[in-house]
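Undergrad:
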Amino acid sequence: MRVILLSMLIAAPAAAQTAEVQWDDFRRLHAAAAPCEDESLRGTGVHAPRPYGETLHLLDNMLEIDPSRCPGIPEAAATALRDFLGEPERDDVDLAFLELARRSAEQGQGMAPDPVLADLYGRMLWLFSDFEPSLQRWRKAEREAWLVRSETVALLRARNDSDDSTARSLTLESALRLRRDVPFYDPARAIDLLENSHAPGYLGSRLRLSRMMTDGTLVPPDYPRAARLFLWSVSMLQGDPDRQGELLRIGRLAAAAARTPADRAEALRMLFASSLNGLEGSREEVTAMLGRIGRAQSAALTPAQARSIFDEMGRDLVFSIPLEDDPLEIRPIRLRGLIGPAGRLVYAEVVGSSGSWFRDRVALGAWARYGDRIDLSATARGRFTWVELPAVDSRPD
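First residue of the sequence shown: 48, per the numbering used here; consecutive thereafter.
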């Protein structure tokens, strides 16, 4: 478990490593460990070693060495570890070094056991680490009092404003920002933190955040922002009723609130995305919104725009392996799309099928998810505009 935890701390993309460790640092530590001939003190053996990972691995194993076998080795590791770690109560503290330091102080590895120091290290891990330590000596009331200190909130804010934020730090601060009983209430920041969090991959978290963005209780409704939480799901061939259902709910709200052409374009994009797998009621909503938009001009894309579509979206428009409903001859997919006044595609439909529902669905899903990548304003000129989109050759490679 110890090895797994440290490996996850090193590799976790959510927690950028802040400790500045150079090869010279590793070599000095390696020289201190040299008198001890133990297999565990060899390198990690990874293909492309880094000084940070090698140093952490060596420190971990030096602390575990039986001091009766290799006198002075755990002590050397504990001393070096404190130098690498520095002041622990800071926003950019390195979590992997911090975990080693907590273990050293708690278990007396390379030093006399120091419960007070172990608690300090543990509190910082509890604040920042996704691998939350068990702090049995820290009562709930004490933990709560420590969390709502202005100094603790400042640590959280600084961590979350950097590249070192974690799901844990983002979630803790967002919870504080939603509390009216403390002086840190700031729902707009809470929503920003939750949106940037590594946790909203879970449907429940995204649904909660979507409600916060759309119900108007905490912040003014922002329907396009809420929809972005779910638009990625339209690339799934079989769709996802829960996520597309939420897109439909948001799209309906946006449609009801739409007062301008730009608003109607945003609502149509959400409703279009929600309709791709035939979700009940979604097609009717799309038809109604197209009716509200009314008659739109038609125009042709420029050659430069067609090239930009292939450059930006070519790989997303096709599924390059055989599919279960492929016909003997897979035809090019012909699409037409509706550009909104802002110059972004907000709706697409098939006018010439490949013969495979799945292949057609891939192309439509790509436009629903990534249509805002392509600037077509030179053709739309501030108005709703129908265009013939470049045909998609979706034959398997």
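Backbone N, C-alpha and C define an ideal beta-carbon position, used for all residues, glycine too.
Do residue 318 and residue 302 have their C-beta atoms closer together than 8 Å?
TA: yes
Undergrad: Compare the C-alpha of residue 92 against each of 105, 81, 83 and name the closest.
TA: 105
Undergrad: Give the DSSP-derived three-state secondary structure of residue 149 in the structure shown.
TA: helix
Undergrad: Who are the near neighbours of residue 449 in its chain, counting only those whose CB is closer than 8 Å to its CB and skipping five residues on each side?
TA: Residue 449 falls outside the range modelled here, since the chain spans only 48 to 444, and no answer is possible.
Undergrad: Thinking C-beta only, is residue 313 closer than 8 Å to residue 270?
TA: yes
Undergrad: Can you tell me which of the three DSSP states residue 327 falls into?
TA: coil
Undergrad: Could you work out which residue in 170, 242, 227 is closest to residue 136 when comparing CA atoms only?
TA: 170
Undergrad: Please state if the CB of residue 98 and the CB of residue 140 are separated by a distance shorter than 8 Å.
TA: no
Undergrad: Per the DSSP calculation, residue 435 is bridged to which residue(s)?
TA: 383
Undergrad: According to DSSP, is residue 346 part of a helix, a strand, or is it coil?
TA: Strand at residue 346.
Undergrad: Count the other CB atoms within 10 Å of the CB of residue 279; is the residue buried (16 or more) or exposed (fewer)?
TA: Counting Cβ neighbours within 10 Å, residue 279 comes out exposed, since fewer than 16 surround it.
Undergrad: With DSSP as the reference, label residue 19 as helix, strand or coil.
TA: Outside the displayed range of the chain (48 to 444) lies residue 19, so it cannot be described from this structure.
Undergrad: In the DSSP assignment, what residue or residues form a beta bridge with residue 249?
TA: Residue 249 pairs with nothing; no bridge assigned.
Undergrad: Taking the alpha helix (DSSP H) that residue 393 belongs to, which residues open and close that run?
TA: Per DSSP, residue 393 lies in no alpha helix (DSSP H) segment; the continuous beta strand (DSSP E) that holds it begins and ends at 392–399.
Undergrad: Going by CA-CA distance only, name the one from 391, 393, 406, 200 that's closest to residue 381.
TA: 406
Undergrad: Run through DSSP, which three-state label would residue 60 get?
TA: Unreliable placement is indicated for residue 60, whose pLDDT of 40 sits below 50; the coordinate value is still reported in the next sentence. DSSP places residue 60 in coil when its eight states are reduced to three.
Undergrad: Rank 262, 402, 422, 309 by C-alpha distance to the C-alpha of residue 358 and give the top, closest one.
TA: 422
Undergrad: Enumerated in chain order, which unbroken segments of the alpha helix (DSSP H) with a length of 4 residues or greater are wholly contained in the segment 279–307?
TA: 288–304
Undergrad: Residue 252 and residue 273: beta carbons closer than 8 Å?
TA: no
Undergrad: Let me confirm a value: residue 188 is counted as buried when at least 16 other C-beta atoms fall within 10 Å, else exposed. Which label applies?
TA: exposed
Undergrad: I'd like to check one pair, residue 179 with residue 150: are the Cβ atoms closer than 8 Å?
TA: no
Undergrad: So, helix, strand or coil for residue 231, using DSSP?
TA: Reduced to three states, the DSSP call for residue 231 is coil.
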